[in-house]
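Novice: FYI, in this note's numbering the residues of the sequence shown are 12 to 352.
Each residue gets a CB set at the ideal place from its N, CA and C atoms; glycine is no exception.
Handing you a structure now.
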Amino acid sequence: MQFLKGEFTEQNKVPFVREEPFTYFTGYHVLEPLIKDREISDIKVISYDRVRVKRLGRREDSAVCFKTPQELKQFTEFVAAKNQVSISRAHAMQSFTDKVSNKDFILRFNISQSIINSVDTPYLHIRKIPKEKPSLKDLQEVGMLSKEHAEYLKKQIRKGYVLIAGKGASGKTTLLNALLDEIPRDKSVLVIQENEELFSKVHPDMMFQHILEQKGESKVRYGLKELSINALLIDLDYIVIGEIKGGEALYFLNAAYTGHLGLATVHGQDGVAALYKLADYVKYESDYSQEEIKKMLGCISTVCYMKDFKLDTITEVKVDDKGLITTRSVYEREAKHDTIA
């Protein structure tokens with residue numbers, strides 16, 4: 012096993028000298044220096060000789076590679092085994108977290124096997140979530156949002172549903188994690204998520220749950236939908252969903268009718284599109300009409316749209332008795348107009 016360091020170009024990828032050895036038993040082999048690098052948020056293994064990283068928001072080649080395609084295959088098998096996850100024809104895609112291997116970061120892994128890839132080797136992506144998460148003040152200092160907008164969001168989460176939208180790696184989870192610590196301490200909170208990325212070390216009444224996928228021959232599975240349904244049976248003030256991806260949208264919105272407040276993230280190309288994404292998820296899960304679903308969206312008071320790790324827009328949402336959705340721009344990095352749908 013060796014760590015190869017050097018500069019790569021498209022025409023001539025030349026690995027440089029071997030540095031200190033890393034074993035499978037003490038870390039994650041050649042990727043360990045990238046995991047320890049605080050400027051790197053994402054590590055993506057595209058092939059045995061191409062490892063890409065996102066450093067301070069910019070994607071670039073790293074100076075790391077595996078010796079052979081076979082070593083890469085063996086490494087992904089090790090990663091899965093170390094985290095007690097099965098990868099096989101029946102489990103060709105796996106997503107999981109490692110909270111213990113690194114003292115500074117929670118590591119979220121996503122592995123797709125060659126059986127579903129158009130290449131003969133696995134793809135591996137690692138998202139690094141700092142264990143000492145940034146506060147709203149920290150996010151102000153790095154330019155994600157202003158003090159004015161931070162104060163605005165602190166008020167909004169106390170009176171309505173706040174939805175945070177954007178594409179992957181846009182800063183949605185980072186902002187949501189900071190907002191968790193701003194929920195009043197006398198409120199009871201349940202956070203449900205696919206991977207364990209959200210946490211709080213300061214709130215006294217905040218519970219956390221994660222999904223449980225089927226393993227082996229077991230048919231037992233608890234997804235976001237099941238966890239959301241169960242949340243309605245608990246004495247809670249807030250329901251938080253790490254990322255809405257399906258039927259849990261219905262139960263998240265229904266919670267508003269039983270007096271809950273809520274926060275969630277969702278993928279979307281802008282704030283208004285995120286609302287319609289939620290509407291689609293509810294429609295897939297229920298027989299509600301579009302008009303009924305639009306009325307349900309009235310529980311969402313604020314939509315934040317994240318782009319390139321910055322707050323791009325803040326939109327307030329209002330829905331009338333006929334299901335007419337009106338959005339009002341509170342903040343935009345680029346000028347737009349109010350939208351009526």
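Tell me the DSSP secondary structure of Y39 in three-state form.
Specialist: Correct three-state label for Y39: coil.
Novice: Can you find the residues in the same chain that come closer than 7 Å, C-beta to C-beta, to G234, ignoring five residues on each side of it along the sequence?
Specialist: Taken in chain order, the residues that qualify are I222.
Novice: Let me make sure I understand the geometry here. Which of T276, Y134 and T338 has the alpha-carbon closest to that of T185?
Specialist: Measuring from the Cα of T185, the nearest candidate turns out to be T276.
Novice: Which residue's Cα is closest to the Cα of K65: D53, I57 and S73?
Specialist: Looking at the Cα atoms, D53 is the closest of the given residues.
Novice: Classify S157: buried if its beta carbon has 16 or more other beta carbons within 10 angstroms, exposed otherwise.
Specialist: Looking at its Cβ environment, which holds fewer than 16 other Cβ atoms inside 10 Å, S157 is exposed.
Novice: To the nearest angstrom, how far is the alpha carbon of C76 from that of S58?
Specialist: Answer to the nearest angstrom: the Cα atoms are 8 Å apart.
Novice: Considering just the uninterrupted stretch of the alpha helix (DSSP H) at L118, what are its terminal residues?
Specialist: No alpha helix (DSSP H) holds L118; the beta strand (DSSP E) holding it covers F116 to S123.
Novice: Quick test of the definition: if touching needs 3 or more C-beta pairs under 8 Å, does the segment 193-209 touch the segment 288-295?
Specialist: No, the segment 193-209 does not touch the segment 288-295.
Novice: In the DSSP output, what is H221 paired with across the bridge?
Specialist: DSSP lists Q204 as partners of H221.
Novice: Counting only the same chain and skipping the five closest in sequence on each side, list residues whose C-beta sits under 8 Å from that of Q303.
Specialist: It should be pointed out that residue 303 corresponds to Glu in this sequence rather than to Gln. Closer than 8 Å at the Cβ level, and outside the excluded window around E303, lie G334.
Novice: Tell me whether V283 sits in a helix, a strand or coil according to DSSP, three-state version.
Specialist: Residue state, collapsed to three classes: helix.
Novice: Ignore the nearest five residues each way along the sequence and tell me which others in P195's own chain have a CB closer than 7 Å to its CB.
Specialist: Excluding positions up to five away in sequence, the list reads R169.
Novice: Relative to the C-alpha of E224, which candidate in L238, D216, L45 and C315 has its C-alpha closest?
Specialist: The shortest C-alpha separation from E224 is found at L238.
Novice: Going by C-alpha to C-alpha distance, which of D72, L118 and G171 sits closest to V314?
Specialist: Selected option, being the one with the closest Cα: G171.
Novice: Can you give the Cα-Cα distance for Q95 and D109, rounded to whole angstroms?
Specialist: Computed Cα separation, rounded: 10 Å.
Novice: In terms of residue numbering, what span does the beta strand (DSSP E) encompassing D109 cover?
Specialist: Unbroken beta strand (DSSP E) run through D109: M104 to D109.
Novice: On the CB-based measure, 16 or more other CB atoms within 10 Å of its CB, does E71 come out buried or exposed?
Specialist: It is exposed - the Cβ of E71 has fewer than 16 other Cβ atoms within 10 Å.
Novice: By the 10 Å Cβ neighbour count, where 16 or more other Cβ atoms means buried, how is M317 classified, buried or exposed?
Specialist: M317 should be labelled buried.
Novice: Report the rounded CA-to-CA distance for I127 versus V62, giving the unit in angstroms.
Specialist: If I take the Cα positions, the gap works out to 20 Å.
Novice: Could you tell me whether the segment 130-142 touches the segment 271-285, using the rule of 3 or more Cβ pairs below 8 Å?
Specialist: Because the criterion of three Cβ pairs below 8 Å is not met, the segment 130-142 and the segment 271-285 do not touch.
Novice: Just to confirm the assignment, what range does the beta strand (DSSP E) spanning P141 have?
Specialist: Here the beta strand (DSSP E) through P141 covers Y134 to P141.
Novice: Which partner residues of K318 appear in the DSSP bridge assignment?
Specialist: Looking at the DSSP assignment, K318 forms a beta bridge with K321.
Novice: Measuring CA to CA, which of G154, V130 and A74 is closest to Q81?
Specialist: Nearest C-alpha to Q81: V130.
Novice: State the Cα-Cα distance for the pair L209 and I117, rounded to the nearest angstrom.
Specialist: Their backbone Cα atoms lie some 10 Å apart in a straight line.
Novice: Whole angstroms is fine: what's the gap from E162's alpha carbon to I98's?
Specialist: Computed Cα separation, rounded: 45 Å.
Novice: With 16 as the cutoff for other CB atoms within 10 Å, does P32 come out buried or exposed?
Specialist: Confidence at P32 is low in this model, with a pLDDT of 43, below 50, so the placement of that residue should be treated as unreliable; the coordinate-derived value is given next. Result: exposed.
Novice: Please report how far the alpha carbon of N241 lies from the alpha carbon of K78, in whole angstroms.
Specialist: Answer to the nearest angstrom: the Cα atoms are 48 Å apart.
Novice: In three-state DSSP terms, what is I194?
Specialist: Of the three classes helix, strand and coil, the one that applies to I194 here is coil, per DSSP.
Novice: May I ask you to report which of helix, strand or coil DSSP gives T338?
Specialist: Looking at T338 - three-state DSSP - the assignment turns out to be strand.
Novice: Please report the distance separating the alpha-carbon of A101 from that of S123.
Specialist: The alpha-carbon atoms of A101 and S123 are separated by roughly 12 Å.
Novice: Name the residue from M104, T87, L264 and A180 whose alpha carbon lies nearest to the alpha carbon of I51.
Specialist: Of M104, T87, L264 and A180, the residue nearest in Cα terms is A180.
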